[in-house]
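Report on the following structure.
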Amino acid sequence: MGITRTSFGAIDGSPVDAYEIHAGVLRAKVITYGAILSELYAPDRNGRSEDIVLGYDDLDSYLRYRGSAGAVCGRYANRIAKAQFTLDGETHSLTVNEAPNHIHGGSKGFNKQIWNAEADEASNTLRFTLDRPDGDEGYPGRVEASVTYRLTAEPALEVVFEATTDKPTVINMVHHGYWNLAGHGSGNVCDQLLLLEADHYTPVGPGKIPTGEIAPVAGTAFDFGTLRPIGAMIDDLSQLPEAAYDHNFCINGEKGTLRRAAHAADPRSGRGLEIWTDQPGVQFYTANHFEKLPAIGKGGVPYGKHAGFALETQVYPNSPNEPHFPSAALRPGEIYRHVMRVPFFTL
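This is the structure we're talking about:
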């Protein structure tokens, strides 16, 4: 166990640092820009460690390529329709950054900020804090946010998000990491296996905005109720017009209780992970944007379509505009808290 700090560059004269953290068989790197988890090494069935998260070797690449790889997104991650919402009778207009909608907190959301970092070697944790003003990207209320990363010897990654506000607002902070259990540069993830603990999902319409329906997954391309390859039905264009997933799944069980949302495994390497959370939803995304906008990742490896998969535990997309969706409201005196736990295993 241990934590080391190095420089990772600067933005307009403001330094960006990288923190490396170790615990048991796990090793990770987190940078202060976007509170990005840029590396995570985990062993395969033969004990060989590989970096299993998509990311970049330098700060310029994180600034150049879209996709929020490994970042903490907020104030409201995912999409808000028509870049506006009404809370307590007042309508708030947000930055339009995926016309005509708002996504991932705006043009300078949490994923594009430099966070303050505190390392605690005694507990093997990294805590990142961010203070954003009232009116930031159109949101009401000053928000003080934090995200804490912890590695355990079990082995597992624990991520805890917290926030407070001085005015009623909405919040939905997520970890936007891309996993590739065979190694970040191993190609597409279509043969990797996935199970989602979700009997329902939220269908989407234009702009990938949820229609408001909560639909059963049974008998559809969205049914991951049993472990099956990610790519098993990904080419069914009648259900997945882009031959890709970018959908919210409604996690079984009670919001606020820590429960399993997903189980994923790579048959070749034997690496696997689970996602546990207290949130109501998980966004399953297969890195579709790399098809039209390929990127050069760590070690000069090209990232193409389906180079990784994201499992973002969250409140549902567009919840502020759908009263029957779980609430994303946060009011003064309350503490937003979101727990995501990622245990790793080998087959």
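In our numbering, the protein residues as written are 40 to 386.
C-beta: ideal position from N, C-alpha, C; glycine also.
If you look at S100, you'll find it in the alpha helix (DSSP H) that goes L98 to R103. In the structure shown, P268 falls within a strand segment according to DSSP collapsed to helix, strand and coil.
Under the DSSP definition of a beta bridge, R376 partners with E201. Here DSSP, grouped into helix, strand and coil, assigns K68 to strand. Closest in C-alpha terms to H377, from the list D173, A202 and F323, comes A202. If you draw a straight line from the Cα of F200 to the Cα of V354, it is about 13 Å long. By alpha-carbon distance to Y80, the top candidate from I248, P362 and N219 is N219. Look at the stretch 116 to 178 and you find these whole runs of beta strand (DSSP E), each 3 residues long or longer: 123 to 126, 129 to 132, 155 to 159 and 164 to 171. Per the C-alpha coordinates, the member of Y342, I374 and P359 positioned closest to Y104 is Y342.
Going by beta carbons, V92 and S77 fall inside the 9 Å limit. If you ignore the 5 residues before and after Q231, its C-beta comes within less than 6 Å of the C-beta of L220, I269 and D305, all in its own chain and listed in chain order. Straight-line spacing of the CA atoms in R171 and E89 works out to 36 Å. Contact check for N140 and R114: beta-carbon distance about 15 Å, past the 8 Å limit, so the pair fails to qualify. H328 carries a helical assignment under DSSP once its states are collapsed to helix, strand and coil. DSSP places N211 in the strand class (E or B) of the three-state scheme. Restricting attention to D262, T325 and D238, the CA atom closest to the CA of C289 is found in D238.
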